[in-house]
Amino acid sequence: MHTMKAVVFRGINDLQIEEVPRPKPKAGEAVIRITATTICGTDVHIVKGEYPVRAGLILGHEPVGVIHELGEGLDDEFSVGQRVIVGAITPCGQCFYCLNGAHSQCGGALGGWKFGNTINGAWAEYLLVPHARANLAPVPQMLTDEQVLMLPDIASTGISGAESGNIRIGDAVAVFAQGPIGLCATLGARLRGASTIVGIDPVVTRRDMARRFGANVTLDPATDDVVRRLKDLTGGRGVDVAIEALGRQETFESALRSIRPGGVLSSLGVYSGKLVAPYEALYAGLADQRIVTTLCPGGKDRMRRLMAMVAEQRIDLTPLVTHRFALEDIKDAYEVFSRQGDGVMKVALYPAAVPERVEPAHEEAIVAHA
Ligand SMILES: [Zn+2]
Ligand SMILES: [Zn+2]
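One gets our numbering by counting positions in the sequence shown from 1 and adding 111 to each.
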């Protein structure tokens, strides 16, 4: 039997590099050889035991790779050796939820999220892709792995916060938290044509990054009265759309207090414990406001669209990749990422050789050419 190296979750705060069986595809499935992957904040929740998954699972849900083996019934569309990405969310395209447009909820609540949650994930040399016809997304030849590495999850998720908020040209938008997802939400607000985009984060390097991703105002919640400042910026009304990208009671509540009557709170955060909406912040429930939640959109056409945005130089997410590690050095990579030290935004993990760092041609180039 062929084996492969993989990062296995053995229990809380216990990640192990192990030699495990290499997957074999059944009909309709594919196996890809992973060339690059990354660590998500959600993985940190899993490792810390805040989101339960079974011991023995291979984690990771952001795959970039090459088709290694195709199960029956796919060779009319795909071929071995093709470079692909696969969304973090892998809908089947055929169930009740998929056919009702809720692809990320494939099969039931959160069911579209399979990699590193209910089935083995991308922190390995090889990955089994379910429902491959709906989920293998060929990478345009001119794009590098790092140019597409953020698309399977954070870019899709962050931009969806702007889409779900139905941002209109000329809207005022506040984005609460400017981590990788919040920055992609800021980018999404710019792409949707918002006029005022306010990036909110206590970390100065993240506020600086927010400007590169499209914010024209930044606020520090440690020193600014954020809700008051947002009202001041909008003639006393409040913002049209607030995007919550952290998953905490405080940021949810501030986002709610900052939207105008008739406005939208678009929530991307992952919450735990109890989430409370004070009645006065909700205008007693009578102000025609909407609260929408979104799980990362996946599937091959979502990935195609995002790759088209990169290929046409409308977006550039490579500034988010601040650190590179061999997959075998997962413990060091996890330590740097989970501690949020050393100016880290996202780490790239390489199962084979770690490439030389390629310096961006224009360090200060704006990220969104809207
Ligand atoms: Zn994720
Ligand atoms: Zn489905």
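Quick reminder that beta carbons are idealized off the backbone N, C-alpha and C, glycines included.
Secondary structure within the segment 300-329: the beta strand (DSSP E) runs of 3 or more consecutive residues, fully enclosed, are 307-311 (chain order). The straight-line gap separating the alpha-carbon atoms of alanine 266 and leucine 254 is approximately 16 Å. In chain order, Phe448, Val458 place their CB closer than 6 Å to the CB of isoleucine 150, counting only its own chain and leaving out the 5 sequence neighbours on each side. Rounded to the nearest angstrom, the gap between the Cα atoms of histidine 214 and threonine 268 is 13 Å.
The continuous beta strand (DSSP E) containing isoleucine 128 extends over residues 125-132. Looking at the DSSP output, lysine 457 shares a beta bridge with Val432.
Excluding five sequence positions before and after alanine 245, the CB atoms of its chain that fall closer than 8 Å to its own CB belong to Thr201, Pro202, Cys203, Gly204, Gly410, Lys411, given in chain order.
Those residues having their beta-carbon less than 6 Å away from any non-hydrogen atom of ligand 1 are, in chain order, Cys151, Thr153, His172, Ala199, Asp264.
Pairing alanine 235 with isoleucine 169, the inter-Cα distance amounts to about 7 Å. With a threshold of 16 other beta carbon atoms within 10 Å, glutamine 216 meets it and is buried. DSSP, read as helix, strand or coil, puts leucine 357 in coil. Looking from the CA of threonine 404, the closest CA among Asn277, Leu260, Ala392, Glu183 belongs to Asn277.
Between ligand 2 and the CB of proline 202, the shortest heavy atom gap is smaller than 6 Å.
Asp186 is the residue among Gly223, Glu355, Asp186 whose C-alpha sits nearest the C-alpha of glutamate 140.
In the DSSP annotation of this structure, serine 215 is not part of any alpha helix (DSSP H), being labelled neither H nor E.
Following the DSSP letters along the chain, one finds alanine 138 in no beta strand (DSSP E), marked with neither H nor E.
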